[in-house]
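Q:
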Amino acid sequence: MNPSFNVDATLPYALVTGGSKGIGYAIAVSLARRHYNLILVARDYSALSAAKENLEATYPVCVEIMSYDLGREESAGEISQWCIDRDIKIKMLCNAVGLGGEKDVLSLPLNSLRHMVNLNIDSCMAMTLLLLPLLEKNAPSYILNVSSLAGFAPIPSKNIYSATKAAVMYFSYALRFQLAKKNISVSCLAPGPVFTTPSIELVTKKKMGWFGMQMAVSPGEVGEIAVRKTLEKQLIIVPGMLAKISAVIIRTLPKRWMVSIYSALG
Amino acid sequence: MKKALAVLIALFVIGQVYARIDEQFVPGDSLELANHPFSVKDSLPYALVAGGSKGIGYAIAEALASRHYNLILIARGYDSLVAAKNKLEALYPIHVEILSYDLSKEESAREIAGWCTARNIRLKILCNVAGLGGEKDYLTLSLDSLRYMVNLNLESCMAMSLLLLPLLEKNAPSYILNVASMAAFAPIPSKNMYSATKAAVLYFSYSLRFQLKEKKISVSCLAPGPVFTKPSIKETTKKSLGWFGMQMAVPPKKVGEKAVKKTLKKKMIIVPGTLSNICSTVIRVLPNRWAAAIYSGLGD
């Protein structure tokens, strides 16, 4: 364990899965700025260490890092046990880990698709269920699940990604009602394009052109809005004005139309 | 909110009138091939029904049999598979193959697809009916049961579709029928994971339909309201939806018949029963948050 653990141990904790990079890291930064101690979970140990160093150098918080592949069944159990053993004062759980790509069904092998389902749905469901006792103990507390604009309507080329993100969104809606009485607020982040890797920028430019580039929101801004709105107990969080307008349109149009539109875009 | 309720009630009254008309349902009757020589059976196309030994799956199998499709039925229980086979082969002039597999297991889909490919089965229709649901799931069931539900409801459907695609493509024009539920149209708090996995199946079907259009494989998705395939479903429906739920229920046989008929007509979303149809339209138009709030009020 981190030697500086006791320094800020009175601060509340937030656990961020997929917190070493991308949106997860941006969420971690916004939480650190608000003086939450952090537990970051990700696969890549060196990325985790780098994130820890950056965060601890900038903010007066301590950062625990745990290297786990959340696509594996046993991960959630081991992580939650670690937290329960130490009676961590968890106030917020952010399920930011996820996998997506330009194409999936008909392009990726079945094993990759199963991994996507495990990572996007199962891990979110398992982490939430297993950490619920700690969240309940430290209520009022917060759960933030990361879905996507793709969760609002099916995207043919991103078939399973879109399906799993819809499942995460349904899960968040339902869970919010289930946990309302326990003083645990559930939020769901549904961002449009966020350029966390150069390939996402390329794909967005190719498929959606100027409009897509305008809709994009920087990771830092997404993280900040996500954390702020989560603490304000908002259910669906869509960062960026243009993305918000698009989301309203996507949700209002019949799914069949949306699929046709997406299909035409490529 | 009040406006929405007023609209709901108005639609409900209209639905009641139509439901009466809809009840004059005639089941498919086609035993005329029964006396044909055995070889005729061998030339019939095949349909594979996952979860075909009981409930909606069996009803779909029967509707396919009445249209002279040979069948491959998959389910966990061997005894109920044998019973289904005996019944169907006695009633209809078809072959029924049975394979006992737990579709939640990763290797199942691969082994089933291997079996079909090795025999070069003339597969025309794939029906992914296997699924699991209950009155309550998240916060009531164990994590293992919830994972089982995700595997069975979503992954098995995805795996079977992908692995049987080569055979379906070879025998095009062909059909895929995935079974979702009305629960897929909006989140239901008490049936959290059931509703989420069924939404994923619905999204998967929408997308797949577009992906397979050029290959002449039509994808449909069945989204039934309450179907009393077990006494417990009847009790739960009566408890949480009352008289309205009982009116909305459609018998399994009719669901199977509608599902097959509309699948062959290449319809995308199939909701059997007029009242269910009206309800599903309302649910799909309402914001998810309202629908979840209404469900939450009904459930607790």
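Quick note, the sequences are listed as chains Y and F, same order.
Here the working numbering is used: the first sequence runs in plain steps of one and ends on residue 293.
Here the working numbering is used: the second sequence runs in plain steps of one and ends on residue 303.
Even for Gly, the Cβ is constructed at its ideal location relative to N, Cα and C.
(1) For F/ARG150, count neighbouring Cβ atoms within 10 angstroms of its own Cβ and tell me buried if that reaches 16, exposed if not.
(2) Tell me, please, whether the CB atom of F/LEU157 is closer than 8 Å to any CB atom in chain Y?
(3) Buried or exposed for F/GLY228, please, with buried defined as at least 16 other CB atoms from any protein chain shown within 10 angstroms of its CB.
(4) Flag F/PRO180 as yes if its beta-carbon sits less than 8 Å from any beta-carbon of chain Y, otherwise no.
(5) For F/PRO169 and F/ASN123, I'd like the C-alpha separation in whole angstroms.
(6) Using the C-alpha atoms, what's the distance from Y/SER273 back to F/SER159?
(7) Taking 8 Å as the threshold (C-beta atoms), are F/VAL99 and F/LEU74 in contact?
(8) Please list the partners that Y/PRO266 has in chain F, where partner means a Cβ-to-Cβ separation under 7 Å.
(9) For F/SER223, which of helix, strand or coil comes out of DSSP?
(10) Can you find at least 3 beta carbon pairs, one from the region 163-174 of chain Y and one from the region 196-214 of chain Y, that sit closer than 8 Å?
(11) Which of the three DSSP states is assigned to Y/SER94 in this structure?
(12) Can you check DSSP and say which residues form a bridge with F/VAL2?
(13) Step through the CB atoms of chain Y and report whether any lies within less than 8 Å of the CB of F/ILE191.
(14) So what does Y/SER214 bridge to, in DSSP terms?
(15) Hey, quick one: how far does the alpha helix (DSSP H) through F/VAL204 stretch, first residue to last?
(16) Quick one: does Y/ASP71 have its CB under 8 Å from some CB of chain F?
(17) Am I right that Y/TYR40 and Y/TYR63 are in contact with their C-beta atoms under 8 Å? What's the rounded C-beta distance?
(18) Select from the region 129-162 of chain F all residues with a C-beta closer than 8 Å to any C-beta belonging to chain Y, and list them in chain order.
(19) What's the C-alpha gap between F/VAL222 and Y/GLY178?
(20) What is the DSSP secondary structure of F/VAL52, counted as helix, strand or coil?
(21) With a threshold of 8 Å between beta-carbons, can F/TYR104 be considered close to chain Y, or not?
(22) In angstroms, rounded to a whole number, what distance separates the CA positions of F/SER198 and F/SER184?
(23) Using only the alpha-carbon positions, how far apart do F/VAL182 and Y/SER287 sit?
(24) Pull out every residue of the region 146-165 of chain Y whose Cβ sits closer than 9 Å to any Cβ of chain F, in chain order.
(25) Considering only C-alpha positions, which residue in the set Y/LYS282, Y/SER76, Y/VAL249 is nearest to Y/GLY219?
(26) Got a sec? Which residues, its chain only, sit under 6 Å from F/ALA262 by beta carbon, not counting five neighbours each side?
(27) With DSSP as the reference, please indicate the residues paired to Y/THR155 in a beta bridge.
(28) Answer with buried or exposed for Y/MET143, where buried requires no fewer than 16 other C-beta atoms within 10 angstroms of its C-beta.
(29) Residue ranges of each alpha helix (DSSP H) run of no fewer than 4 residues wholly in the region 119-187 of chain F, ordered along the chain?
(30) Counting C-beta neighbours from all protein chains within 10 Å, is the total for Y/GLU163 16 or more, i.e. buried, or is it exposed?
(31) Taking the alpha-carbon positions, what's the Y/LEU42 to F/SER283 distance?
(32) Below 8 Å between beta carbons: does that hold for Y/ILE50 and Y/ALA103?
(33) Residues in the same chain with beta-carbon distance under 6 Å from F/PRO290, minus the five sequence neighbours each way, listed in chain order, please.
(34) Does any residue of chain F have a CB that is nearer than 8 Å to the CB of Y/GLN108?
(35) What are the partner residues of F/ALA78, as DSSP defines its beta bridges?
(36) For a quick check, are the C-beta atoms of F/LEU51 and F/LEU126 less than 8 Å apart?
A: With the given structure in hand:
(1) buried
(2) yes
(3) buried
(4) Residue 180 of chain F is actually Leu in this sequence, not Pro. No - not a single Cβ of chain Y is within 8 Å of the one on F/LEU180.
(5) 10 Å
(6) 33 Å
(7) yes
(8) Going along chain F, no residue has its Cβ under 7 Å from Y/PRO266, so there is no contact; the nearest lies around 19 Å.
(9) strand
(10) yes
(11) strand
(12) With chain F covering only 4 through 303, there is no way to say anything about residue 2 of chain F.
(13) yes
(14) Y/LEU171
(15) 195-215
(16) no
(17) 7 Å
(18) TYR141, LEU142, LEU146, LEU149, ARG150, VAL153, LEU157, GLU158, MET161, ALA162
(19) 20 Å
(20) strand
(21) no
(22) 8 Å
(23) 22 Å
(24) ILE148, ASP149, MET152, ALA153, THR155, LEU156, LEU157, LEU159
(25) Y/VAL249
(26) ILE63, LEU225, ILE273
(27) Paired residues: none, contrary to the question.
(28) buried
(29) 146-153, 159-173
(30) exposed
(31) 38 Å
(32) no
(33) none
(34) no
(35) F/SER103
(36) yes
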